[in-house]
Every structure is written in C-alpha cells, then in structure tokens.
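Written out below as structure tokens is the structure these notes cover.
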Amino acid sequence: MAEMEADNEDWHPSYSSSNTDLVLISDDGIKFRVHSIVLAPASKFFRDMFRMPRPAMENNDDALPMGESSEIVKTILDIIYPHDVEPVLPSTTFAFVRRLLSAAERFELMRVNHYVRLITLKEPFVSRPLEVYALACTFGWAEEVRTQSLRSLNVDLSSPDLADILKSIDSASLYNLFQLRWKRKGKVLLKIDEYEDANGWICDCQFNTGTSMAAFDHLRALICEEMDKCPDGSSLQSARFWNQAGPMALWDSRCSACDVPVLDESNVKGFINQALDKIVKEDMKC
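Residue numbers (UniProt numbering): 1 to 286.
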C-alpha cells in the first residue's frame with residue numbers, strides 16, 4: 001500500500017486521469033496522463049510521432065520523456081487543452097517564458113507560441129519591452145521586433161540586471177537595437193543643424209562674433225548628453241530638462257556686438273518639440 005501511494009505521488013494531480021492513452025514524464029520525475037487526440041492537432045511533432053507504428057508490446061503507461069521541468073510541461077498542457085478559464089502562467093520571469101517558448105518550438109506547438117505572444121501585450125510584459133524584444137527576436141515575431149525596439153529606447157542597457165536578457169539576443173538584433181538609438185540622436189542633431197542654417201540667428205552680425213556658433217555648439221552638446229540618457233528624446237520635451245542650469249544658460253547668451261540674445265527660447269523649444277514629434281511618427285511608420 002505504501003509503495004502504491006508513493007507511486008501515486010509521481011502523477012500530476014491535474015493530469016492523472018486513467019482515461020488516456022499516453023504518458024509524459026518531466027525531468028523532475030512527474031508523470032502526466034494525456035490524450036493523443038489533444039496533442040496531435042496541437043503539435044506537428046506529436047502528430048508525426050503518432051503516425052509511426054507502435055510496438056505491440058508497448059504499454060500505455062510507458063512514459064515519454066519531455067526533457068522539461070514539470071512546471072513547463074503543465075503550462076504547455078494547460079494552454080493546449082480546452083478549459084473553461086484562460087490558462088495562467090505560473091511565472092512571468094524572462095527565463096521561464098523563454099524556456100516555455102523554446103519547448104514549444106522544439107515540439108512544434110504553435111498554439112503555445114501564439115498564446116505567449118498575445119499575453120505579452122498585457123502587463124507585466126508591457127512594462128518590460130526589452131524582454132519582449134529579446135523574445136521576439138528569438139521566436140520570429142517580426143511586428144514585435146519593430147515595436148518593442150522603439151519602446152525599449154529608454155531602457156538603461158548598462159544595467160547589470162539586464163545582462164541575461166541582452167546575452168540572449170543575437171548579435172545582429174542587438175546591433176539593430178543600438179543603431180536605432182544612434183539614428184534617433186542623429187536625426188535630432190540634424191534637425192538642430194537645419195534650424196541653425198534656416199532661422200537660428202536672431203541678430204544680423206553673427207558672422208562678426210563666435211558667440212552664436214558657441215551657443216549652438218552648447219545646445220548640440222546638451223542634446224547629445226541628454227539623448228545618451230534618454231535615447232527616445234522625450235525628455236527634450238519636458239520642463240525638467242530645460243529648467244536645468246545647462247539649458248537655462250543658453251538663453252543668457254548674447255551677441256557681443258549688438259547685445260541681442262543669441263537664441264530665442266520659445267522658438268528653440270517649439271522647433272525641437274515639432275521635430276521630435278515628426279521623427280517619432282516617421283519611425284513608427286518604418
């Protein structure tokens with residue numbers, strides 16, 4: 001009796017019905033009784049396996065090793081089995097979700113991939129764009145690669161907490177992430193150059209003094225520094241940035257020849273706001 005009770009402990013309580021024709025076993029020794037009629041439509045791997053002739057002496061209780069933890073196996077089954085309620089992931093950590101998707105890829109379980117892809121549109125994943133970007137790059141979610149790369153612009157990639165996530169991203173996708181940041185900064189600086197060439201000068205004697213050029217150089221330096229901290233450029237539209245000592249000093253700079261302010265505060269802020277809005281819209285269309 002004790003031996004039978006010990007054996008019963010090996011079966012997962014959610015998948016222990018005797019009315020099944022297949023047994024799966026996890027790496028940690030937990031067994032799952034499942035129905036081939038459920039697995040076959042959900043998985044090309046199992047569908048192909050079931051087409052192969054089975055040995056006459058094979059017992060339905062002979063367990064098929066899954067090579068995954070019981071937590072992963074149960075989550076897969078919860079997703080592909082019909083239920084009255086939506087399945088819930090037991091963990092939303094990056095490591096668990098990536099392992100779940102890797103198992104789904106190995107067993108060709110597109111429904112699992114699709115389900116996880118959908119829930120990344122909700123919290124807590126909405127607040128973790130770099131994680132979703134890494135998953136999208138690995139598992140072929142083209143739309144999410146584009147949107148999450150933009151949403152992750154302000155993520156501090158130097159944080160040691162993100163090391164495992166960054167290491168999981170292939171080199172080309174990681175380069176694209178950095179390139180997006182460089183391009184955004186380059187576009188903003190190009191707009192500043194255009195502003196300077198078109199209507200940046202207030203007085204008519206700017207070529208007689210280096211004050212105006214120095215002011216624009218200072219503006220560029222401030223923008224470069226800020227966009228290194230906040231690569232999407234949104235902070236350039238906030239009062240917090242402009243109320244700092246560095247930007248405030250721009251408006252005190254005056255032409256040494258005619259004593260006219262070198263830069264018009266409202267014009268500069270208005271131009272940068274419009275330029276950023278345009279750049280963001282263009283990037284969203286790409």
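Yeah, the Cβ is synthetic: ideal placement off N, Cα and C, and Gly gets one too. Just so it is clear, the structure is predicted and the values come from calculations on it, not from any experiment.
Among the options, the one whose alpha carbon lies nearest that of residue i
i, options, result
"L130", "V116, W141, L153, L109", "L153"
"D156", "W251, K229, P87, S171", "K229"
"L180", "Q244, Q148, A239, P261", "Q148"
"V88", "S171, M66, P124", "P124"
"M284", "M52, N267, R146", "R146"
N-terminal and C-terminal residue of the beta strand (DSSP E) that residue i is part of
i, result
"R33", "31-34"
"A63", "63-65"
Whole-angstrom distance between residue j and residue i, CA atom to CA atom
i, j, result
"S127", "R151", "9 Å"
"K191", "I119", "38 Å"
"V132", "R254", "48 Å"
"S18", "W11", "11 Å"
"L174", "L135", "12 Å"
"P90", "G29", "19 Å"
"P231", "A275", "15 Å"
"V280", "V38", "46 Å"
"A249", "D277", "25 Å"
"D252", "L219", "13 Å"
"N176", "L162", "17 Å"
"E3", "E143", "Caution is warranted here: a pLDDT of 37 is assigned to E3, below 50, making its placement in the model unreliable, and no coordinate value can be reported."
Opening and closing residue of the alpha helix (DSSP H) in which residue i lies
i, result
"I25", "Here I25 belongs to no alpha helix (DSSP H); instead the beta strand (DSSP E) covers 22-25."
"P129", "129-139"
"A275", "265-285"
"M213", "211-229"
"G246", "245-250"
Backbone secondary structure at residue i - three-state DSSP
i, result
"R98", "helix"
"W11", "strand"
"P41", "helix"
"R240", "helix"
"R181", "helix"
"P261", "strand"
"R47", "helix"
Contact test: residue i Cβ vs the ligand MN heavy atom, cutoff 7 Å
i, result
"K281", "Annotation note on the ligand MN: not contained in the displayed structure, which lists no ligands."
Inter-stretch contact at 8 Å, needing at least 3 Cβ pairs: the stretch 185-200 / the stretch 218-226:
yes
Taking three-plus beta-carbon pairs below 8 Å as touching, is the stretch 156-165 in contact with the stretch 106-118?
no
Contact between the stretch 26-42 and the stretch 76-87 is defined here as three or more beta-carbon pairs at a separation below 8 Å; is this criterion met?
yes
Given 8 Å, three or more beta-carbon pairs between the stretch 94-105 and the stretch 28-40:
no
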